[in-house]
Amino acid sequence: MRFLRSIPCRGVRLYTSLPAGHGKHVTVLGEQYPTDSMTNISPTIISKLPLRLHTQPSHPLSTLRALIESHFPSYAHLSSLSPLVTPHQNFDLLSFPQDHPGRSVTDSYYINKDLMLRTHTSAHEVEVFGRGETKWLLTADVYRRDEIDGSHYPVFHQTEGARILSADQTGMQEVEEDNARLTAHLERSNIIIEDVPHLSPTNPCQPAHDPKHTELIAKNLKLSLNSLMLQLFGGHVGSTAEDPLRVRWIEATFPWTTPSFEVEVFFRGKWLEILGCGVVRQATLDNSNVSNKLGWAFGLGLERIAMILYSIPDIRLFWSQDERFLSQFKQGEISTFKPYSRYPACFKDVSFWLPETSGLHENDFCDLVRDVAGDIAEDVKMIDSFTHPKTNRKSVCYRINYRSMDRSLSNDETNTLHAQVLSQLQDQFGVEIR
Ligand code: PHE
545 MRFLRSIPCR GVRLYTSLPA GHGKHVTVLG EQYPTDSMTN ISPTIISKLP
595 LRLHTQPSHP LSTLRALIES HFPSYAHLSS LSPLVTPHQN FDLLSFPQDH
645 PGRSVTDSYY INKDLMLRTH TSAHEVEVFG RGETKWLLTA DVYRRDEIDG
695 SHYPVFHQTE GARILSADQT GMQEVEEDNA RLTAHLERSN IIIEDVPHLS
745 PTNPCQPAHD PKHTELIAKN LKLSLNSLML QLFGGHVGST AEDPLRVRWI
795 EATFPWTTPS FEVEVFFRGK WLEILGCGVV RQATLDNSNV SNKLGWAFGL
845 GLERIAMILY SIPDIRLFWS QDERFLSQFK QGEISTFKPY SRYPACFKDV
895 SFWLPETSGL HENDFCDLVR DVAGDIAEDV KMIDSFTHPK TNRKSVCYRI
945 NYRSMDRSLS NDETNTLHAQ VLSQLQDQFG VEIR
């Protein structure tokens with residue numbers, strides 16, 4: 545069981561430790577909150593919270609949001625829910641087990657033990673279903689602690705979509721009619737779909753549900769998303785008979801859906817993971833006070849799709865304030881990004897002995913680098929690690945690539961940044977630089 549991330553992670557897990565230096569309170573979106581031993585939200589992350597790129601006119605993420613919304617015109621379109629949620633909303637209400645790794649301070653950002661940054665838009669499912677919404681889309685910024693490279697960023701954007709219907713004859717008739725309409729549309733389109741059964745022993749129906757109803761709902765989910773993929777990618781790949789759009793369905797597992805699936809799209813010779821989805825679990829519907837309904841939900845990562853559609857090579861560009869980036873885009877138009885000159889990279893290594901007692905998690909190291917260097921940190925890689933045979937102490941070496949996307953960095957500037965990384969490492973984590 546795992547979270548779907550827009551791009552699979554290649555994290556090296558070391559130990560866990562919290563950054564030091566938090567005061568008694570932390571100010572987030574203009575409000576003060578008490579801190580505690582779980583607090584790990586960093587200044588860089590706090591500065592991203594008000595930006596809400598998915599609502600900034602002309603921004604590629606905003607155009608992509610609007611494009612997805614236009615595909616579901618009869619759905620409620622939500623995009624202004626606060627990123628601050630309780631672990632109860634983010635995990636418990638969705639039946640995440642107590643020991644799920646996503647709950648740990650190394651994977652998620654906590655303001656304190658009772659408040660965190662949502663790690664996925666599913667955190668709002670119970671609340672939105674509970675408000676009585678039956679067909680809705682929700683686009684929002686989500687936060688996960690992660691490594692640093694061209695396709696990972698600790699803030700990204702997701703669109704959640706859901707549809708629930710009454711679990712009776714009327715509801716099922718509505719689904720059947722919709723399925724017939726969507727099937728006819730897809731049959732006329734240039735798309736090849738590799739499917740898996742709606743239900744299987746490893747991807748079962750829920751005990752509370754009639755398998756016939758679940759089959760209809762799962763079919764509706766698949767048809768709705770195949771037609772969304774066609775809308776998003778159809779004009780780019782798959783516009784000719786020799787090169788149809790290829791979509792592949794795979795069985796998956798999410799704590800709050802079953803059966804569950806992932807969708808991949810074939811692009812430039814590779815299968816790309818695009819979204820996770822499934823038939824919503826009865827427990828989630830019960831938590832939302834809509835026990836008599838049945839339906840599906842999906843969540844897709846916007847950056848991954850926007851990087852493909854706009855040919856944007858580095859995920860940091862979405863956060864650029866540079867006019868050479870921003871002025872290239874118009875709301876509602878997907879255009880190919882024209883890269884401006886790439887500035888030189890500057891690689892610097894840091895080797896250190898890990899503190900013997902507390903350790904240091906790779907995500908702690910990456911947050912520290914982001915706090916010092918911001919988006920100038922292009923890439924951080926562990927290039928060496930070993931354990932001293934006699935003392936048993938562990939040493940690691942990271943290579944940081946400093947490169948601005950907007951300008952040339954001077955030697956002095958990178959040296960100063962790197963010196964700050966070293967001193968922060970010593971101050972915050974008590975490591976011994978080698
Ligand atoms: N929230 C899941 C993720 O972050 C995606 C998902 C949404 C899966 C809704 C199932 C249903 O990867």
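Mind the numbering: the sequence shown is residues 545 to 978 in this note's numbering, read in order.
We treat Cβ as the ideally placed atom computed from N, Cα and C, and that holds for glycine.
Using the beta-carbon count (16 or more within 10 Å), is residue 714 buried or exposed?
Counting Cβ neighbours within 10 Å, residue 714 comes out exposed, since fewer than 16 surround it.
Are the beta-carbon atoms of residue 847 and residue 700 separated by less than 7 Å?
yes
Does the Cβ of residue 801 lie closer than 6 Å to at least one heavy atom of ligand 1?
Flag set: Cβ of residue 801 near ligand 1.
Using only CA atoms, which one of 946, 888, 905, 800 lies nearest to residue 649?
905
Would DSSP call residue 559 helix, strand or coil?
In this prediction, residue 559 has a pLDDT of 33, which is less than 50 and means its spatial position is unreliable; nothing more can be read from the coordinates.
Sequence-distant residues of its chain with Cβ nearer than 7 Å to residue 964 (five each side left out)
916
Who pairs with residue 800 in a beta bridge, going by DSSP?
Under DSSP, residue 800 forms no beta bridge with any residue.
Should residue 729 be labelled buried (16 or more other beta-carbon atoms within 10 Å of its own) or exposed?
exposed
Would the beta-carbon of residue 941 fall within 7 Å of that of residue 895?
yes
Measure the alpha-carbon distance for residue 596 versus residue 706 and round it to whole angstroms.
22 Å
Helix, strand or coil: which one does DSSP assign to residue 893?
strand
Contact test: residue 889 Cβ vs ligand 1 heavy atom, cutoff 6 Å
No; taking the cut-off as 6 Å, the Cβ of residue 889 has no heavy atom of ligand 1 nearer than that.
Limits of the beta strand (DSSP E) - the one that residue 973 falls within:
Careful: residue 973 lies outside any beta strand (DSSP E), inside the alpha helix (DSSP H) at 955-973.
Leaving out five residues before and five after residue 564 in sequence, what residues of the same chain have Cβ atoms less than 6 Å from its Cβ?
Reliability fails at residue 564, whose pLDDT of 46 lies under 50, so the model's placement of it is uncertain and the value that follows must be treated cautiously. Contacts found: 972.
Contact set for residue 656: own chain, Cβ-Cβ below 7 Å, skip 5 residues either direction
577, 578, 579, 580, 582, 583
Here's a check: name, in chain order, each residue in its chain whose Cβ is nearer than 8 Å to the Cβ of residue 718, leaving out the five neighbours to either side.
709
When you compare only the Cα positions, how much space is there between residue 590 and residue 815?
34 Å
How big is the Cα-Cα spacing for residue 751 and residue 855?
45 Å
Enumerate in chain order the residues of its own chain whose CB-to-CB distance from residue 931 is below 8 Å, with the five nearest sequence positions on each side excluded.
937, 938, 939
Unbroken beta strand (DSSP E) run spanning residue 737, endpoints
735-738
Less than 8 Å between the CB atoms is what I'm expecting for residue 738 and residue 793, so what's the real figure, rounded?
7 Å
Leaving out five residues before and five after residue 633 in sequence, what residues of the same chain have Cβ atoms less than 6 Å from its Cβ?
667
What span of residues does the beta strand (DSSP E) with residue 754 cover, start to end?
First-last for residue 754: undefined, no H or E at that position.
Looking at the secondary structure, which residues open and close the alpha helix (DSSP H) in which residue 984 lies?
Residue numbering for the chain in the displayed model covers 545 to 978; residue 984 lies beyond these limits and cannot be assessed.
Could you tell me the distance, in whole angstroms, from the CA atom of residue 827 to the CA atom of residue 834?
10 Å
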